[in-house]
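Undergrad: Pasting in a structure now, in structure tokens, and then I'll have a few things to ask.
Numbering (the numbering used here), first residue to last: 3 to 501.
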């Protein structure tokens, strides 16, 4: 029987998913099993790796049952997953700690603060391409060394969530370069673990497994796992990648000159670059295609639209209704500005910043307010774009994904705001498609990543910048920037009142 299907696994924060995709980028079936976050105290977030494996087994068995002869047709397996979760295993592959701190766990703030005040900070940023943050596994491991030393002492490896799944599939402990690029332990020049960063952070170098390329075949599916999953033993298992760098590949963000806009609750804007961009507020990740993605994460995004829907309409209107209301205004919302920092900011000196309407008059109505909210998020991104570009200029196009891609009005605002065309990925499951692309290349179903991407990634629409709106936003941007700076002295004072 022809092996014409690829099995993709996605270890998410909310669920484990499995999908079957073919070499044309068509998803034949997808299934998921949910799992919970454990929050022992404020700011902590962890999960049980055993739950990820159980969810993976259940979702794979479910998806195989939905497609005729799926097990016999499976050509390869590739996983992606939530990044930064620190999984400790011993030399036999057993967990030395039942739970793993997740990407959004903040318990390592003291370790980050101590490192940021060290004499090595500038050198570390140059080596890794990233500034210290509680998300990075280096600091999660530093916390574990202080607070759960026994688990670290008994461990042979630190793995990421999808690597734990790979270990169960193949019996091999490994990490890939995309995950390592955001570990604060990888040398961005050599794309291998950095002995200097190991020394600086005090992390035991013995815990760092061999780094693999995402498309590399890690090993064959072992018999015990095959029996549990209902698959034949020996199916090749790829090293895979983190979910975000995998989704960059699966959305078609392959080469320099391409951008990615993932707007869900927050906004992640990524520009594919030939080299990392070293600048304040910019992080750098290796994509699953091997290119650098320079990105900034803004808490302002779909959450601002959600707030406006709740605050102005008590959620009585749909998001489509709110979008239609905003469309009845004009570019610039009749000179109304909205600073969208409803939840503060993740980076920079003013993490307690707040949201504001500026320029409100008796002549403004709800359509103006709704449009100003959409434009405010776009202004907040444009404020970061110059640093994010690293001197390379605007990308040739930006690929939109996630919930924000559903609003053509919002994409038109962004295209004009950045003077850059926007295209929409036809398949929202970009991580699944990215894994399929890697498997197509690894198994010889495609010659290379560029060819596989061209065949498997499709776009539904392209939105060109409106010149008149772009001119309007160019005139407004300096006012937005001045308003942003002018409001900063008020934040601490507002906090004192709120407190």
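For glycine and all other residues, C-beta sits at the position ideal for the given N, C-alpha and C.
Could you pull out every unbroken alpha helix (DSSP H) segment of at least 4 residues lying fully inside the region 75-134, listed in chain order?
TA: 111-118, 123-130
Undergrad: Within the present structure, is the beta-carbon of residue 168 separated from the nearest heavy atom of the ligand GDP by less than 6 Å?
TA: No copy of the ligand GDP appears in this structure; indeed no ligand is present at all.
Undergrad: According to DSSP, simplified to helix, strand and coil, what is residue 359?
TA: Position 357 of the chain shown, counted from the first residue, corresponds to residue 359. Residue state, collapsed to three classes: strand.
Undergrad: By alpha-carbon positions, which one of 378, 389, 184 ends up nearest to residue 133?
TA: On the chain shown, position 131 is the one that residue 133 refers to. Closest option to residue 133, Cα to Cα, is 184.
Undergrad: Figure out for me which residue from 393, 338, 173 has the closest Cα to the Cα of residue 227.
TA: For the purposes of this step, residue 227 is taken as residue 225 along the chain shown, with counting starting at 1. Selected option, being the one with the closest Cα: 173.
Undergrad: Return the CA-CA distance between residue 140 and residue 47, expressed in angstroms with no decimal places.
TA: Along the chain shown, read from residue 1 onward, the residue named residue 140 stands at position 138. Along the chain shown, read from residue 1 onward, the residue named residue 47 stands at position 45. Cα-Cα distance, rounded: 16 Å.
Undergrad: Run through DSSP, which three-state label would residue 342 get?
TA: Stepping through the chain shown from its first residue, residue 342 is reached at position 340. Residue 342: strand per DSSP, three-state reduction.
Undergrad: Going by DSSP, what residue range makes up the alpha helix (DSSP H) through residue 149?
TA: Translated into the one-based positions of the chain shown, residue 149 becomes position 147. From DSSP, the alpha helix (DSSP H) with residue 149 extends over 139-149.
Undergrad: How do the region 458-474 and the region 267-279 stand: do at least 3 beta-carbon pairs fall below 8 Å, yes or no?
TA: no
Undergrad: Look up residue 159 in the DSSP assignment and say whether it is helix, strand or coil.
TA: In the chain shown, the residue the question calls residue 159 occupies position 157. Of the three classes helix, strand and coil, the one that applies to residue 159 here is strand, per DSSP.
Undergrad: Do you know whose CA, among 295, 233, 389, 284, lies nearest residue 262's CA?
TA: The count along the chain shown starts at 1 and reaches residue 262 at position 260. Checking every option, the nearest Cα to that of residue 262 belongs to 295.
Undergrad: Looking at C-alpha atoms only, which residue of 80, 104, 416, 60 is the closest neighbour of residue 265?
TA: Walking along the chain shown from the start, residue 265 turns up at place 263. The shortest C-alpha separation from residue 265 is found at 416.
Undergrad: Closest to residue 193 by CA distance: which of 203, 205, 380, 178 is it?
TA: For the purposes of this step, residue 193 is taken as residue 191 along the chain shown, with counting starting at 1. Nearest of 203, 205, 380, 178 to residue 193, Cα basis: 178.
Undergrad: Helix, strand or coil for residue 172 per DSSP?
TA: To locate residue 172, count along the chain shown from 1; it is residue 170. Reduced to three states, the DSSP call for residue 172 is helix.
Undergrad: Report, in whole angstroms, the separation of the C-beta atoms of residue 29 and residue 20, which I expect to be a contact under 8 Å.
TA: The residue you call residue 29 lines up with position 27 of the chain shown. The residue you call residue 20 lines up with position 18 of the chain shown. 11 Å between Cβ atoms; not a contact.
Undergrad: Less than 7 Å between the beta carbons of residue 103 and residue 142, yes or no?
TA: Position 101 of the chain shown, counted from the start, is the residue given in the question as residue 103. Position 140 of the chain shown, counted from the start, is the residue given in the question as residue 142. Against a cut-off of 7 Å, the Cβ pair of residue 142 and residue 103 comes out as a contact.
Undergrad: For residue 116, count the other beta carbons within 10 Å of its own beta carbon; 16 or more makes it buried, fewer makes it exposed. Which is it?
TA: Taking the chain shown and counting its residues from 1, the one referred to as residue 116 is at position 114. By the neighbour-count rule (16 or more Cβ atoms within 10 Å), residue 116 is not buried but exposed.
Undergrad: Give every residue of the same chain whose Cβ lies closer than 8 Å to the Cβ of residue 73, excluding the five residues on either side of it in the sequence, and list them in chain order.
TA: Here residue 73 corresponds to residue number 71 of the chain shown, with the count starting at 1. Within the same chain, residue 73 has close Cβ partners 66, 232, 233, 234.
Undergrad: On the three-state DSSP scale, how would you describe residue 6?
TA: Start at 1 with the first residue of the chain shown, and residue 6 comes out as number 4. Coil at residue 6, not helix or strand.
Undergrad: What is the rounded straight-line gap between the Cα of residue 477 and the Cα of residue 370?
TA: Taking the first residue of the chain shown as 1, we reach residue 477 at position 475. Taking the first residue of the chain shown as 1, we reach residue 370 at position 368. Put simply, the backbone Cα of residue 477 is about 18 Å away from that of residue 370.
Undergrad: Check this for me: beta carbons of residue 379 and residue 342, under 7 Å apart or not?
TA: Here residue 379 corresponds to residue number 377 of the chain shown, with the count starting at 1. Here residue 342 corresponds to residue number 340 of the chain shown, with the count starting at 1. Their beta carbons are under 7 Å apart, which means residue 379 touches residue 342 by this criterion.
Undergrad: Can the beta-carbon of residue 496 be found closer than 7 Å to that of residue 382?
TA: Start at 1 with the first residue of the chain shown, and residue 496 comes out as number 494. Start at 1 with the first residue of the chain shown, and residue 382 comes out as number 380. No.
Undergrad: Could you give the DSSP three-state label for residue 218: helix, strand or coil?
TA: Position 216 of the chain shown, counted from the first residue, corresponds to residue 218. Looking at residue 218 - three-state DSSP - the assignment turns out to be coil, as it is neither helix nor strand.
Undergrad: Pick helix, strand or coil for residue 507, following the three-state DSSP scheme.
TA: Only positions 3 to 501 of the chain appear in the structure, and residue 507 is not among them; the question remains open.
Undergrad: Can you grab the Cα-Cα spacing for the pair residue 3 / residue 237, in whole Å?
TA: Walking along the chain shown from the start, residue 3 turns up at place 1. Walking along the chain shown from the start, residue 237 turns up at place 235. Rounded to the nearest angstrom, the gap between the Cα atoms of residue 3 and residue 237 is 14 Å.
Undergrad: Reducing DSSP to helix, strand and coil, say where residue 386 ends up.
TA: In the chain shown, residue 386 corresponds to position 384, counting from 1. Here residue 386 sits in helix by DSSP.
Undergrad: Can you give the Cα-Cα distance for residue 149 and residue 95, rounded to whole angstroms?
TA: Against the chain shown, residue 149 aligns to sequence position 147. Against the chain shown, residue 95 aligns to sequence position 93. C-alpha separation (whole angstroms): 22 Å.
Undergrad: Spatial neighbours of residue 33 within its chain, please: C-beta separation below 6 Å, excluding the five flanking residues on both sides.
TA: As a working mapping, residue 33 is identified with position 31 in the chain shown. Shown here for residue 33: same chain residues with a beta carbon closer than 6 Å to its own, the five before and five after excluded, namely 20, 61, 64, 65 in chain order.
Undergrad: So if DSSP puts residue 272 in a beta bridge, which residue, or which two residues, is it bridged to?
TA: Here the question's residue 272 lines up with position 270 in the chain shown. 262, 297.
Undergrad: Leaving aside the five residues before and after residue 101 along the sequence, list all residues of the same chain whose C-beta is less than 7 Å from its C-beta, in chain order.
TA: For this step, residue 101 is matched to residue 99 along the chain shown. The beta carbon of residue 101 lies closer than 7 Å to those of 40, 48, 49, 50 in the same chain, with the five residues before and after it left out.
Undergrad: If you scan the region 305-334 from start to end, which runs of the alpha helix (DSSP H) of 4 or more residues do you find wholly inside it?
TA: For secondary structure counted as the alpha helix (DSSP H) over 4 or more consecutive residues, the region 305-334 holds these complete runs in sequence order: 321-329.
Undergrad: Is it true that the region 79-93 meets the region 151-159, where meeting means three or more beta-carbon pairs spaced less than 8 Å apart?
TA: yes
Undergrad: Apart from the five residues just before and just after residue 69, which ones in its own chain have a Cβ nearer than 8 Å to its Cβ?
TA: Counted from its first residue, the chain shown places residue 69 at position 67. Correct list, in chain order: 7, 22, 30, 31, 75.
Undergrad: Hey, would you say residue 82 sits closer than 7 Å to residue 433, going by beta carbons?
TA: Position 80 of the chain shown, counting from 1, holds the residue named residue 82. Position 431 of the chain shown, counting from 1, holds the residue named residue 433. Against a cut-off of 7 Å, the Cβ pair of residue 433 and residue 82 comes out as a contact.
Undergrad: Between the C-alpha atoms of residue 385 and residue 223, what's the straight-line distance to the nearest angstrom?
TA: Within the chain shown, residue 385 is the residue found at index 383, counting from 1. Within the chain shown, residue 223 is the residue found at index 221, counting from 1. Those two C-alpha atoms are separated by around 48 Å.
Undergrad: Name, in chain order, the residues that DSSP records as bridge partners for residue 285.
TA: Within the chain shown, the letter at position 283 stands for residue 285. Looking at the DSSP assignment, residue 285 forms a beta bridge with 297.
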